[in-house]
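>
Number of protein chains: 2
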Amino acid sequence: MNKPEPLQNIRVVLSHTTHPGNIGAAARAMKTMGLRHLYLVNPRHFPDPQATAMAAGADDILAQAVVCASVDDALHDVVLTIGMTARTRDISIEVVSPRAAIPEILQHAASQPVALLFGTEMSGLTNEEVGKAQRLVNIPANPDYSSLNLAAAVQLMAYELRVGAVDFAPAASAQPLATQAQIEGYFHHLEQTLQEIGFFTAQKPARLMQRLRRLYARTRLELDEVNILRGILSVTTEYNARLRKRYQEEHPDV
Amino acid sequence: MNKPEPLQNIRVVLSHTTHPGNIGAAARAMKTMGLRHLYLVNPRHFPDPQATAMAAGADDILAQAVVCASVDDALHDVVLTIGMTARTRDISIEVVSPRAAIPEILQHAASQPVALLFGTEMSGLTNEEVGKAQRLVNIPANPDYSSLNLAAAVQLMAYELRVGAVDFAPAASAQPLATQAQIEGYFHHLEQTLQEIGFFTAQKPARLMQRLRRLYARTRLELDEVNILRGILSVTTEYNARLRKRYQEEHPDV
Numbered sequence: 222m223n224k225p226e227p228l229q230n231i232r233v234v235l236s237h238t239t240h241p242g243n244i245g246a247a248a249r250a251m252k253t254m255g256l257r258h259l260y261l262v263n264p265r266h267f268p269d270p271q272a273t274a275m276a277a278g279a280d281d282i283l284a285q286a287v288v289c290a291s292v293d294d295a296l297h298d299v300v301l302t303i304g305m306t307a308r309t310r311d312i313s314i315e316v317v318s319p320r321a322a323i324p325e326i327l328q329h330a331a332s333q334p335v336a337l338l339f340g341t342e343m344s345g346l347t348n349e350e351v352g353k354a355q356r357l358v359n360i361p362a363n364p365d366y367s368s369l370n371l372a373a374a375v376q377l378m379a380y381e382l383r384v385g386a387v388d389f390a391p392a393a394s395a396q397p398l399a400t401q402a403q404i405e406g407y408f409h410h411l412e413q414t415l416q417e418i419g420f421f422t423a424q425k426p427a428r429l430m431q432r433l434r435r436l437y438a439r440t441r442l443e444l445d446e447v448n449i450l451r452g453i454l455s456v457t458t459e460y461n462a463r464l465r466k467r468y469q470e471e472h473p474d475v
Numbered sequence: 222m223n224k225p226e227p228l229q230n231i232r233v234v235l236s237h238t239t240h241p242g243n244i245g246a247a248a249r250a251m252k253t254m255g256l257r258h259l260y261l262v263n264p265r266h267f268p269d270p271q272a273t274a275m276a277a278g279a280d281d282i283l284a285q286a287v288v289c290a291s292v293d294d295a296l297h298d299v300v301l302t303i304g305m306t307a308r309t310r311d312i313s314i315e316v317v318s319p320r321a322a323i324p325e326i327l328q329h330a331a332s333q334p335v336a337l338l339f340g341t342e343m344s345g346l347t348n349e350e351v352g353k354a355q356r357l358v359n360i361p362a363n364p365d366y367s368s369l370n371l372a373a374a375v376q377l378m379a380y381e382l383r384v385g386a387v388d389f390a391p392a393a394s395a396q397p398l399a400t401q402a403q404i405e406g407y408f409h410h411l412e413q414t415l416q417e418i419g420f421f422t423a424q425k426p427a428r429l430m431q432r433l434r435r436l437y438a439r440t441r442l443e444l445d446e447v448n449i450l451r452g453i454l455s456v457t458t459e460y461n462a463r464l465r466k467r468y469q470e471e472h473p474d475v
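Here you go:
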C-alpha cells in the first residue's frame, strides 16, 4: 500500500507560527510520511524564503498550503481535532499518547477530515484553541528537557500515522460526525438561547461557554445529535416566544 | 520512571556528517527523549557555531560528544550496532522497522553499550559501515519522497526508544555478548590465519572478509563464542607451525 488513504484526510494546522523555517521543516516532515494538507493560521511570515529553503523538496506542500485568518476557518469541515500539547494532563479533556490516539484518528480520517492542531513555538495552544479540540495528545519526552521543535513534533505524529496506516482497516461505518462548523453553529445557537432565557444574569457567559465546550468535546457529537440539540434550542426559543406573545395578548396595556 | 536506564547505554554515532547544523539538531532530538551519548566520526565541521545554535538547550550533549577518527573507535565497546538505512532490504542482513528493533536494543542496552549508526546526509552508510552492523533499521517513509533529515531520523529512533523504555523489563540475563572490538579482533585473527594457510590464493581477501563479516553479523556473537572461534584459529596456526617444524626436521636440507 503506497498511499494509505486515511492520510489524505489528515491536515496539519499550525497556529500563529513565528519562524518560517519551522513551517518549511514541518512541510518536509509531513511529506516524508505522506501527509499533504498544511493549514497556516496567521503565520508571522509566509510565504518566506526560509520556509522554502527548509522544505527542501516539499515546496509543493507549501505551494498548496491554506492560509487562514482563524482556527475556526482551518477547522470548519473537520470532524475530529487533535490538540498537540506539552501538558500531560488537562482539567477536562483527556490527554493521550500519540500511539493511543492513532486508531481513532485513522478511523475518522477514513471518511472525513481530521486535524492535528499545533500551537505557537513558544507557548503552544491557547485555552481557546484547546477548546476546539476533542482530544489532546502529549508526545512523551524527557521531563528535564521536553523542548521538542515544532517540526520534530509534526514529524513524530506524521510517522505514527504512517506506521498506523499500514495495518489500518476501517471499522464498520459509524454515524457521521458533526463538523467543527456544525458544532460551532450549535454553540452559537446555545449561547443565544441562554442569553434569551436570561441564564447569563448570574453567570459569566465566556467562562460558562468554555465549560460547555469542554463537556461536549469529550463526546464527539454526531451530526444527528447536533440536529437534536439545536431542535431543543429552537423549541425552547419558540416556546418562549409563544409565552411572551400570550402574555402580551393578555396584558395589552403592558 | 523519569530516566529509563537502558537509554543511558545507547549511543548515537554520526559518521562523516557534512552539516554542523544537523549535529546540533540531532543533539537536541536526543536530549528531548533522554539519550545522552553522541559520537561523531570525522565530522566535517565540529565544534561549530551552527551546531551550537541548532542544539538550543542541548549544548551539554555537544560538549560531551566524543569525536572519533574511525567507526571502529566509536563502536569498540559496543555489543550491538544498529545501522540506519534508507534501503528496505539488504543482501545479507535483515532490515527491520524501528519498532521491531526496539526490544532487542533495550534488552542489550540494559547491561551493555548499544550503538545507532547513521551515515552521511547524502549517501547514508558505506558498505564498510553496513558491515559493522548486526541489524539494519529502515524508517518507513513515503516512497515518493523519503528524504528524511538526519536529525529527524535521530528524533524518530530516540522517540521509539523512549516509548519502548517506559514499559521495558529486561528478560532473564543472557550470555554476555562480544564487543565490537572483540569481534574485530576475531576478524583480524581470522584473516591472518586464512592468509597463513594459503586460503587467499584463489579468493580476493577483501570481498571474502566482507562476506564472512555479514555471516557473523546475522548471529550476534557471544564473548564465549568469540573465544572458541579464536581458539580454533590458534590451534590451526599451531598445528600448521608444528607440521612445518616437523617437515623441516625431517627435511633439514630443504
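Which chain is which? The protein sequence lines are A and B, in order.
Our numbering applies: residue 222 is where the first sequence begins, and numbers increase by one.
Our numbering applies: residue 222 is where the second sequence begins, and numbers increase by one.
Just so you know, even glycine gets a beta-carbon here, dropped at the ideal spot from N, CA and C.
Quick check: is the beta carbon of Val384/B nearer than 8 Å to any beta carbon in chain A?
yes
> CA-CA distance, Ala286/A and Leu261/A?
7 Å
> If contact is defined by three or more beta carbon pairs under 8 Å, each pair taking one atom from either stretch, is the region 396-410 of chain A in contact with the region 273-291 of chain A?
no
> Is there contact between the region 341-358 of chain B and the region 293-308 of chain B, where contact requires at least three CB pairs shorter than 8 Å?
yes
> CA-CA distance, Val376/A and Gly340/A?
For clarity, residue 376/A is Gln in the given sequence; the question names Val instead. Approximately 15 Å between the Cα atoms of the pair.
> Among the residues of its own chain, which have a CB less than 7 Å from the CB of Tyr407/B, if the five just before and after it don't count?
Excluding sequence neighbours, Tyr407/B sits near Val447, Leu450, Arg451.
> Quick test of your reading: Leu454/A and Leu411/A, contact by CB under 8 Å. State the CB separation rounded to the nearest angstrom.
6 Å
> Ser236/A: which of Ala362/A, Tyr437/A, Ala336/A sits nearest, CA to CA?
Ranked by how close their Cα comes to the Cα of Ser236/A, the residues Ala362/A, Tyr437/A, Ala336/A have Ala336/A in first place.
> What number of angstroms, rounded off, separates the C-alpha of Gly245/A from the C-alpha of Leu283/A?
7 Å
> Going by DSSP, what residues sit across from Gly304/A in a beta bridge?
Leu338/A, Leu357/A
> Just by C-beta distance, which residues in the region 345-374 of chain B are closer than 9 Å to chain A?
Ile360, Pro361, Ala362, Asn363, Pro364, Asp365, Tyr366, Ser367, Ser368, Leu369, Asn370, Ala372, Ala373
> What are the residues in the region 253-273 of chain B lying within 7 Å of chain A by C-beta distance?
Thr253, Met254, Gly255
> Entirely within the region 266-302 of chain B and at least 4 residues each: give me those alpha helix (DSSP H) ranges in chain order.
270-276, 280-284, 292-296
> Is there at least one Cβ from chain A nearer than 8 Å to Leu235/B's Cβ?
no
> What's the C-alpha gap between Lys425/B and Ala295/B?
28 Å
> Between the alpha carbons of Val351/B and Leu327/A, how many angstroms are there, rounded?
36 Å
> Would you report the Cα separation of Pro473/B and Phe420/B, rounded to the nearest angstrom?
C-alpha separation (whole angstroms): 26 Å.
> Given a threshold of 16 other Cβ atoms within 10 Å of its Cβ, counted over all protein chains shown, does Tyr380/A qualify as buried or as exposed?
By the 10 Å Cβ count, Tyr380/A comes out buried.
> Inspect the beta-carbon positions of Ala290/A and Ala248/A and report whether they are closer than 8 Å.
no
> Taking 7 Å as the cut-off, is the C-beta of Ala286/B nearer than that to any heavy atom in the ligand SAH?
The ligand SAH is absent from the structure shown, which contains no ligands of any kind.
> Between the region 270-304 of chain B and chain A, which residues of the former have a C-beta closer than 8 Å to a C-beta of the latter?
Against chain A - using a Cβ distance shorter than 8 Å - the residues of the region 270-304 of chain B are Ala277, Gly278, Ala279.
> Which residues in the same chain as Val234/B place their Cβ atom closer than 6 Å to its Cβ, once the five residues preceding and following it in sequence are excluded?
Excluding residues within five positions, the ones whose Cβ falls inside 6 Å are Tyr260, Ala295, Ala336, Leu338.
> Mapping DSSP to helix, strand and coil, what is Leu464/B?
helix
> Taking Tyr380/A as the query, report the chain B residues whose CB atoms sit under 7 Å from its CB, ordered along the chain.
Leu377
> How far does the beta strand (DSSP E) with His409/A in it reach, from first residue to last?
Premise fails: His409/A lies in the alpha helix (DSSP H), 401-417, not in any beta strand (DSSP E).
> Our contact map puts Pro227/B next to Ala331/B with C-beta atoms below 8 Å; I'd like the distance itself, whole angstroms only.
5 Å
> Let's test the definition: count the other Cβ atoms within 10 Å of the Cβ of Val387/B and tell me whether it reaches 16, buried, or not, exposed.
exposed
> Which runs of the alpha helix (DSSP H), 4 residues or longer, sit entirely within the region 225-260 of chain B?
Those alpha helix (DSSP H) runs which fall completely within the region 225-260 of chain B and span 4+ residues are 241-253.
> Which term fits His240/A, buried or exposed, when burial requires 16 or more other beta carbons within 10 angstroms of its beta carbon?
His240/A comes out buried.
> Give me the chain A residues within the contact set of Arg249/B, using Cβ-Cβ distance strictly less than 9 Å, ordered along the chain.
Tyr366, Ser368, Leu369, Asn370, Ala373
> Any Cβ of chain C within less than 8 Å of the Cβ of Arg310/A?
Here the protein chains are A and B, and chain C is not one of them.
> Just the C-alpha distance for Pro364/B and Ala321/A, rounded to the nearest angstrom, thanks.
26 Å
> Once you ignore the five residues that flank Arg434/A on each side, which residues in its own chain have a CB closer than 6 Å to its CB?
Gly352
> Between Ile534/B and Asn461/B, what straight-line distance do the alpha-carbon atoms span, to the nearest angstrom?
Any answer about residue 534/B is impossible in this case: the structure gives chain B only from 222 up to 475.
> Less than 8 Å between the C-beta atoms of Gly385/A and Ile314/A, yes or no?
no
> With a threshold of 8 Å between beta carbons, is Arg465/B in contact with chain A?
no
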